[in-house]
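Number of protein chains: 2
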Amino acid sequence: MHAFDVLGDPVRRRILEILAEERHSSGEIVVIVGREFGITQSAISQHLKVLRDHGFATVQAEGPRRIYEIDPAPMAEVDEWLERFRHFWAPKLDALAVEVKRGQRKRRVCASRLGKR
Amino acid sequence: MHAFDVLGDPVRRRILEILAEERHSSGEIVVIVGREFGITQSAISQHLKVLRDHGFATVQAEGPRRIYEIDPAPMAEVDEWLERFRHFWAPKLDALAVEVKRGQRKRRVCASRLGKR
DNA sequence: CCGTTGTTTAAGCTTGAACTTATATTAGCC
DNA sequence: GGCTAATATAAGTTCAAGCTTAAACAACGG
Chain A
3 MHAFDVLGDP VRRRILEILA EERHSSGEIV VIVGREFGIT QSAISQHLKV
53 LRDHGFATVQ AEGPRRIYEI DPAPMAEVDE WLERFRHFWA PKLDALAVEV
103 KRGQRKRRVC ASRLGKR
Chain B
3 MHAFDVLGDP VRRRILEILA EERHSSGEIV VIVGREFGIT QSAISQHLKV
53 LRDHGFATVQ AEGPRRIYEI DPAPMAEVDE WLERFRHFWA PKLDALAVEV
103 KRGQRKRRVC ASRLGKR
C-alpha cells in the first residue's frame with residue numbers, strides 16, 4: 003500500500019481536503035494552497051499529478067481549465083488498512099459497523115429509528 | 003498531522019501490523035521484518051525509534067530486552083482525519099456512526115438487537 | 001495567427017530520510 | 001571484573017522527493 007506515501011505530504015493532504023468539499027480548477031487550488039504553503043504554481047501542479055497518478059483525483063477539461071474532482075478509492079484502501087487497528091480505540095463502534103455491513107434490512111430499520119433522535 | 007509521515011514507510015507499517023497482534027521484543031521484530039525486507043538490525047532499531055518518538059509504540063524493559071507495545075493514539079488521529087472523506091465510500095455507515103456516538107442508551111439498544119443476527 | 005491565460009512538463013538543485021558499518025550501552029552470567 | 005547477548009546510537013553515504021526556474025502546450029479572443 004503506497005497510498006500512504008501520497009498522503010505523507012501535507013500539501014497533498016490539504017488539496018484533498020479542499021477537493022473533498024467541491025471540485026476545483028487547478029488555478030483555484032493554486033490560489034488557496036499557494037497562499038497557505040508559499041509554493042509556486044508549478045509545485046502544486048506536480049502535486050496534482052501525483053494525486054492523479056495514484057488515483058486520488060480525476061481531471062476534466064473545461065475550456066483551458068482542468069477541473070479536479072476527488073476520487074476516494076485509494077483513501078478507502080487506507081481506511082481498510084486501519085481496520086485491523088480500529089478495535090484499539092473504538093471496539094464497540096467497530097463491532098457495530100461489522101454488523102451494519104452484514105444485513106441490509108436490519109440496518110435500514112435500525113438507522114431509521116436512530117435517525118429520529 | 004504528521005502521523006502520516008510515520009505511516010508513509012512500509013517497514014514501519016509492517017512493524018505496526020505485527021505489534022497489533024501482540025507485543026514483541028526488538029529482536030523478534032528484527033527477525034521477522036529483517037527477513038521480509040532484507041535490512042539490518044540497526045535500520046529496524048531506527049524505525050522503532052521513530053515509532054516511539056511519534057507515540058505509535060511504547061517500550062518496556064524486560065531484562066536486556068525491550069518489549070514494544072502498540073499505542074494506537076496517533077492512528078486514531080489518522081482515522082479522524084479520514085472522517086471527512088468517509089462519506090464518499092460509506093455514506094450510510096458513516097451517518098450511522100455519528101448517530102451511534104450521540105446517544106449511549108439508544109446505541110446499546112440498537113447494538114443488542116443487531117447482535118442477534 | 002498572434003498574444004494571453006491556464007496548466008503541464010523538463011531540468012537541475014537541495015535536503016532529508018533510510019540505509020550501512022562501526023561503536024557504545026546495558027543486563028546478566030561466569 | 002570480563003564476556004556475551006540484546007539493543008541503541010553515531011557517522012557517513014545514497015537516493016528520491018519536493019522545490020524552483022524556465023520552457024512547452026492547449027484553448028481562446030482579438
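Protein chains in written order, with my numbering: chain A, 3 to 119; chain B, 3 to 119.
Glycine included, each C-beta is placed from N, C-alpha and C at the ideal position.
It should be emphasised that the depicted structure is a prediction, and the values quoted were computed from it without experimental measurement.
Per-residue DSSP class, three states only, for residue i
i, result
"A/His56", "coil"
"A/Ile34", "helix"
"B/Ala45", "helix"
"B/His89", "helix"
"B/Arg68", "strand"
"B/Arg107", "Note that B/Arg107 scores 42 on pLDDT, short of 50, meaning its location in the model is unreliable and no value can be drawn from it."
Proximity to residue i [Cα-Cα], best of the options
i, options, result
"B/Glu79", "A/Trp83, A/Ile69, A/Trp91", "A/Trp91"
"A/Glu71", "A/Met77, A/Ala59, A/Asp81", "A/Ala59"
"A/Glu64", "A/Met77, A/Ser27, A/Phe87", "A/Ser27"
"B/Lys51", "B/His89, B/Leu18, B/Arg88, B/Glu24", "B/Leu18"
"B/His89", "A/Asp73, A/Arg88, A/Arg86, A/Arg54", "A/Asp73"
"A/Asp11", "A/Leu53, A/Leu21, A/Glu23", "A/Leu53"
"B/Ile69", "B/Phe87, B/Val32, B/Arg86, B/Arg15", "B/Val32"
"A/Ser47", "A/His56, A/Gly57, A/Gly29", "A/Gly29"
beta-carbon residue i near the ligand GDP non-hydrogen atom, thresh 7 Å
i, result
"A/Asp73", "Absent from the structure shown: the ligand GDP. Ligands present: none."
Worksheet item: Which of the residues in the region 64 to 77 of chain A, read from start to end, lie with their CB under 9 Å from any CB of chain B?
Response: If you check each beta-carbon in the region 64 to 77 of chain A against every beta-carbon of chain B, the ones closer than 9 Å belong to Ile72, Asp73, Pro74, Ala75, Met77.
Worksheet entry | the region 37 to 47 of chain A in contact with the region 27 to 40 of chain B per 3-pair CB rule at 8 Å | As far as the Cβ criterion goes, the region 37 to 47 of chain A does not touch the region 27 to 40 of chain B, which means the pair count is below three.
Discussion item. Can you pull out the residues from the region 43 to 57 of chain A whose beta carbon lies closer than 7 Å to at least one beta carbon of chain B?
Written reply: For the region 43 to 57 of chain A, which is checked against every Cβ of chain B, not one residue is closer than 7 Å.
Worksheet item: Using a beta-carbon distance cut-off of less than 8 Å, what residues from the region 15 to 26 of chain A approach chain B?
Response: Legend: CB atoms of the region 15 to 26 of chain A lying less than 8 Å from CB atoms of chain B belong to residues Arg15, Leu18, Glu19, Ala22.
Worksheet entry | Within 8 Å of chain A by C-beta, residues of the region 76 to 91 of chain B in sequence order | Per Cβ criterion, the list reads Met77, Ala78, Val80, Asp81, Trp83, Leu84, Arg86, Phe87, Arg88, Phe90, Trp91.
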